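One structure is given here, and the rest of the page talks about it.
Protein chains in written order, with the numbering used here: chain D, 1 to 134; chain H, 135 to 222.
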């Protein structure tokens, strides 16, 4: 299982319930194949950076799912045949997640190291201070 | 470490250079952004000037590892019409 983000653009003239229908259909495909939905996000209407199928606007929807290749293939096939969907993209997120995790760990380690060093220095300073008074 | 080396280099060339140029720093390093998200079109747009080409590192000051990530993100964003391929 991998983490994927599936983003697609729906015809901006499609009614809201049609978008919901597409979403629930896609959700069913994922869960039926043994995948898990992490989140579904309607990003809303946006201007497209370039015309797609003569549309200059589109309704963006983002899925974040735990899935495998078979599920992704099926979802993409369905999106392709759905008329209101004008464009879609699937992005594998595993590497990105791993990278974020690594960076966070690295930063934490560094922070604790610096913290330890400062504590040691403070202790030393305190020790010298007491020495001076005696 | 890297900063001190750069500083010494600047000092050497300092006599010839007449005006002060602010040293460019990588936005992603400075702001500690771990992941460059392809969905964040507004942020990516900073690195694609009018001609819709990716700004070179010498202009934007982005470090090499981050530039690689940045280009990946921009290409994904282009694929889903968040960013243009060409200026029209």
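All C-beta atoms in this analysis are idealised placements derived from N, C-alpha and C, irrespective of residue type, glycine included. What you are looking at is a predicted structure, and each value in this text was computed from that prediction instead of being measured.
Taking C-alpha atoms, which residue in the options lies nearest to residue i?
i: residue 209(H); options: 168(H), 191(H), 186(H); result: 186(H)
i: residue 12(D); options: 85(D), 4(D), 38(D), 25(D); result: 85(D)
i: residue 54(D); options: 64(D), 108(D), 87(D); result: 87(D)
i: residue 52(D); options: 157(H), 213(H), 221(H), 155(H); result: 213(H)
i: residue 97(D); options: 211(H), 154(H), 167(H); result: 167(H)
i: residue 45(D); options: 62(D), 39(D), 115(D); result: 62(D)
i: residue 156(H); options: 184(H), 192(H), 182(H); result: 192(H)
i: residue 39(D); options: 121(D), 68(D), 26(D), 111(D); result: 26(D)
i: residue 158(H); options: 211(H), 197(H), 220(H); result: 197(H)
i: residue 9(D); options: 122(D), 108(D), 103(D), 89(D); result: 89(D)
i: residue 3(D); options: 59(D), 19(D), 14(D), 69(D); result: 69(D)
According to the neighbour-count rule (16 or more other Cβ atoms, all chains shown, within 10 Å of its Cβ), is residue i buried or exposed?
i: residue 101(D); result: exposed
i: residue 81(D); result: exposed
i: residue 143(H); result: Annotation note: pLDDT 46 at residue 143(H) (below 50); position unreliable, coordinate value reported separately. Residue 143(H) should be labelled exposed.
i: residue 1(D); result: exposed
i: residue 34(D); result: exposed
Consider the Cβ of residue i: report whether some Cβ of chain H lies at a distance smaller than 8 Å.
i: residue 4(D); result: no
i: residue 54(D); result: no
i: residue 7(D); result: yes
i: residue 98(D); result: no
i: residue 89(D); result: yes
i: residue 104(D); result: yes
i: residue 49(D); result: yes
i: residue 130(D); result: no
i: residue 58(D); result: yes
Quick test of your reading: residue i and residue j, contact by CB under 8 Å. State the CB separation rounded to the nearest angstrom.
i: residue 50(D); j: residue 189(H); result: Not a contact, Cβ separation roughly 19 Å.
i: residue 36(D); j: residue 66(D); result: 4 Å
Using a beta-carbon distance below 8 Å, is residue i in contact with chain D?
i: residue 210(H); result: yes
i: residue 189(H); result: no
i: residue 183(H); result: no
i: residue 214(H); result: yes
Whole alpha helix (DSSP H) elements within the stretch 174-213 of chain H, 4-residue minimum
175-179, 191-194, 198-213
Which whole runs of the beta strand (DSSP E) in the stretch 39-71 of chain D are 3 residues long or more, in chain order?
55-67
Contiguous alpha helix (DSSP H) assignments of at least 4 residues, all confined to the stretch 61-134 of chain D
Entirely contained in the stretch 61-134 of chain D, the alpha helix (DSSP H) runs reaching 4 residues are, in chain order, 69-81, 94-133.
When you check each C-beta in the stretch 158-173 of chain H against every C-beta of chain C, which residues fall closer than 8 Å?
Here chain C cannot be found, since the structure's protein chains are D and H.
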